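Worksheet for the structure shown next.
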Amino acid sequence: MSKYKKLVMPLIAVLGILLVAVFGHTLSVKSADNHDRIPIVFWHEMGGPSEDALEKVVDGFNKSQTKYKVIPKYQGTYDEAIQKILQTHNTSTSPAVFQAFDISTAQMLHSGYTTPVQNFIDEDNYDVSKISSVARAFYANKGKQQAMPFNTSQPVLYYNASLLKKYNITPPPVSPSYSDITRVAKELYEKSHHKVKGMTVQVYGWFLEQALANANAQLANNNDGHTGNPTKVSINNPDTVEFLEWIRENIKSGDFIDYGSGASAGANQTAGFLSDKVGIFIQSSASIGQLTKNNKNELGITYFPHPDNKKANGVAIGGAALWISNDKPKDVQRGAFEFIKYTLKPEVQAQWQKSTGYLALNKDSQKTSILKDLYAKNPESKVPGQQLATAKANYSNSGILMEGMQLTRQLEEIAMETVYNGGDIKKALDTADKNINDNLTQLNRANGYK
Numbered sequence: 019m020s021k022y023k024k025l026v027m028p029l030i031a032v033l034g035i036l037l038v039a040v041f042g043h044t045l046s047v048k049s050a051d052n053h054d055r056i057p058i059v060f061w062h063e064m065g066g067p068s069e070d071a072l073e074k075v076v077d078g079f080n081k082s083q084t085k086y087k088v089i090p091k092y093q094g095t096y097d098e099a100i101q102k103i104l105q106t107h108n109t110s111t112s113p114a115v116f117q118a119f120d121i122s123t124a125q126m127l128h129s130g131y132t133t134p135v136q137n138f139i140d141e142d143n144y145d146v147s148k149i150s151s152v153a154r155a156f157y158a159n160k161g162k163q164q165a166m167p168f169n170t171s172q173p174v175l176y177y178n179a180s181l182l183k184k185y186n187i188t189p190p191p192v193s194p195s196y197s198d199i200t201r202v203a204k205e206l207y208e209k210s211h212h213k214v215k216g217m218t219v220q221v222y223g224w225f226l227e228q229a230l231a232n233a234n235a236q237l238a239n240n241n242d243g244h245t246g247n248p249t250k251v252s253i254n255n256p257d258t259v260e261f262l263e264w265i266r267e268n269i270k271s272g273d274f275i276d277y278g279s280g281a282s283a284g285a286n287q288t289a290g291f292l293s294d295k296v297g298i299f300i301q302s303s304a305s306i307g308q309l310t311k312n313n314k315n316e317l318g319i320t321y322f323p324h325p326d327n328k329k330a331n332g333v334a335i336g337g338a339a340l341w342i343s344n345d346k347p348k349d350v351q352r353g354a355f356e357f358i359k360y361t362l363k364p365e366v367q368a369q370w371q372k373s374t375g376y377l378a379l380n381k382d383s384q385k386t387s388i389l390k391d392l393y394a395k396n397p398e399s400k401v402p403g404q405q406l407a408t409a410k411a412n413y414s415n416s417g418i419l420m421e422g423m424q425l426t427r428q429l430e431e432i433a434m435e436t437v438y439n440g441g442d443i444k445k446a447l448d449t450a451d452k453n454i455n456d457n458l459t460q461l462n463r464a465n466g467y468k
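Under this note's numbering, the first residue of the sequence shown carries the number 19, and numbering increases by one thereafter.
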């Protein structure tokens, strides 16, 4: 036994040396590789399953090249992240690239803290024509692309197709008018013997703004801020009145259910829809995953409704964009843009839509097997992307570039609640106009705008 021991022990020692040499070399190469990479700190606000999907995007980019390493860091809610971005600029802790939500766009523009992505687009002759023009327009200013859209959604109208079949009701068309939806809502309410409410529209300022966009109307002057800083808001206009009169008509008919405002309202209306208590509601396209996964019924989807006497203009996007900080060296900013370009690749966008429900913005994503398979299993999931693709970007559907949008939405929702509770429409809108304009005047004065 001792004879074999003498032979085996040296062999084990040699093998150990070889393993250490091989794996040690591999680890040192990886360590050197990571050390040599330029770190790109990325602040984001994605939580839950969306954060998992985002981590895969980051991992994919890091594996696709050896020059940069993106380091994702969760920063809480959109509002919390914006404050951190503004407070840490020009410090060592600020990010190289960050996610900022749609209604903070004007704030980001006015901060002077960002490098327009247009600078890198021009350097690279990067073709942006494949990226949704409506999505790009929200984050553009004076002919320059300031940021690139990332997690993008649109409001769509969901309906319970199984209930409509049960009660022999003709579904609404792909691009419905207000009266198209009223017809279906009233029929469902009556034919179900009042067991099912026909429709609901959550008290949400975003929906009111989208009603204006789809009517080709604007909330603020200077083309919703796209041709100059807004100095006046006119929420009391014929298109807002028509939108609220449509809701009021359904409230009076009894086919409407009011779930109120806030996060709980959104959750409650979704629960009501899935449990057959209400047949139609408006919500973000990002809700598709939840509505298909937990739904015993067939899901129907149409575009956001438009006024009866007007052609649909298309709605604006929601979500957030990726911005580049200008307090970082040029090579770091270049790495940030390389990451942004990677996120817009067709396959990356396709997988992002499949994983999160946010819309694929690259037109070529529709050609990928990822989305073809998704649409084969869930045909309705194709509708939001079609709504985005068919809209032509203009000042009305390209977002509102105005500071103070958080408070503006709160004031819009107070007006909506007043109307839902039976208050006078024009008085409610006049009050909202006054309060929004007072806040806008104060913000403009504080920022040095006339």
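All C-beta atoms in this analysis are idealised placements derived from N, C-alpha and C, irrespective of residue type, glycine included. None of the values given here were measured: they were computed from a predicted structure.
The alpha helix (DSSP H) runs of length 4 or more contained entirely in the stretch 300-381 are, from start to end of the chain, 306-311, 348-361, 364-374.
Non-local beta-carbon contacts of Asn415 in its own chain, meaning distances under 7 Å to residues more than five positions away in sequence, involve Val152, Ala231, Asn331, Gly332, Val333, Ala334, Ala409 in chain order. DSSP places Pro256 in the uninterrupted alpha helix (DSSP H) bounded by 256-271. In the structure shown, Ser279 falls within a strand segment according to DSSP collapsed to helix, strand and coil. Taken in chain order, the unbroken stretches of beta strand (DSSP E) that lie wholly in the stretch 98-143 and span 3 residues or more are 115-119. Per DSSP, Ser193 lies in no beta strand (DSSP E) and is assigned neither H nor E. When beta bridges are read from the DSSP output, Trp61 appears opposite Lys91, Phe116.
A straight-line Cα-Cα distance of about 28 Å links Phe60 and Asn465. From the listed residues Ala124, Ala118, Asp70, Thr436, the smallest Cα separation to Asn462 is found for Ala124.
Membership of Lys215 in the beta strand (DSSP E) is indicated by the continuous run 215-218.
Residue pairing by DSSP places Ala238 opposite Val251 in a beta bridge. Close CB contacts of Val76 within its chain, under the 6 Å cut and outside five residues either way in sequence, are with Val88, Pro90 (chain order). For Leu175, no alpha helix (DSSP H) segment is defined; the enclosing uninterrupted segment is the beta strand (DSSP E) at 173-178. The beta-carbon distance between Phe225 and Pro173, rounded to whole angstroms, is 6 Å. This is short enough to meet the 8 Å contact definition. Straight-line spacing of the CA atoms in Lys183 and Val214 works out to 14 Å. In the displayed model, Asn169 falls within a strand according to three-state DSSP.
For Tyr86, the closest of Ser68, Arg55, Glu98 by C-alpha to C-alpha distance is Arg55. Burial check for Thr426: the Cβ neighbour count within 10 Å reaches 16 or more, so the residue is buried.
Within the model, the alpha-carbon separation for Asn344 versus Ser373 is close to 31 Å. Separation of Tyr277 and Tyr92 (C-alpha to C-alpha, rounded to the nearest whole angstrom) is 31 Å. Annotated three-state conformation of Gln428 is helix, per DSSP. His211 counts as exposed, since fewer than 16 other C-beta atoms from the protein chains shown sit within 10 angstroms of its C-beta. With a contact defined as Cβ atoms closer than 8 Å, Tyr96 and Glu73 miss out at about 19 Å. Between the stretch 246-262 and the stretch 351-369, the count of C-beta pairs closer than 8 Å stays below three; the two stretches do not touch. Closest option to Ala407, judged by alpha-carbon separation, among Tyr321, Ile269, Asp273, Tyr207: Tyr321. With a cutoff of 9 Å on beta-carbon distance, Ile58 and Val350 are scored as near each other. Secondary structure remark: continuous alpha helix (DSSP H) runs of at least 4 residues inside the stretch 389-437, in chain order: 401-408.
For Ser82, the closest of Ser122, Gln428, Thr361 by C-alpha to C-alpha distance is Thr361. Closest by C-alpha distance to Val202, out of Ser293, Trp370, Phe299, is Phe299. Per DSSP, the continuous alpha helix (DSSP H) segment holding Gln228 begins and ends at 223-232.
Put simply, of Ala378, Asn453, Ala289 the residue whose alpha carbon is nearest the alpha carbon of Lys314 is Ala289. Taking C-beta atoms as the reference points, Ile103 and Ser110 fail to come closer than 9 Å. Judged by their CB atoms, Gly337 and Phe79 are not nearer to each other than the 9 Å cut-off. In the same chain as Ala233, and ignoring 5 residues on each side of it, the C-beta atoms closer than 7 Å to its own belong to Asp257, His324, Pro325, Lys328, Asn331, in chain order.
Burial check for Glu421: the Cβ neighbour count within 10 Å reaches 16 or more, so the residue is buried. Cβ atoms of Asp120 and Gly375 stay farther apart than 8 Å, at about 16 Å.
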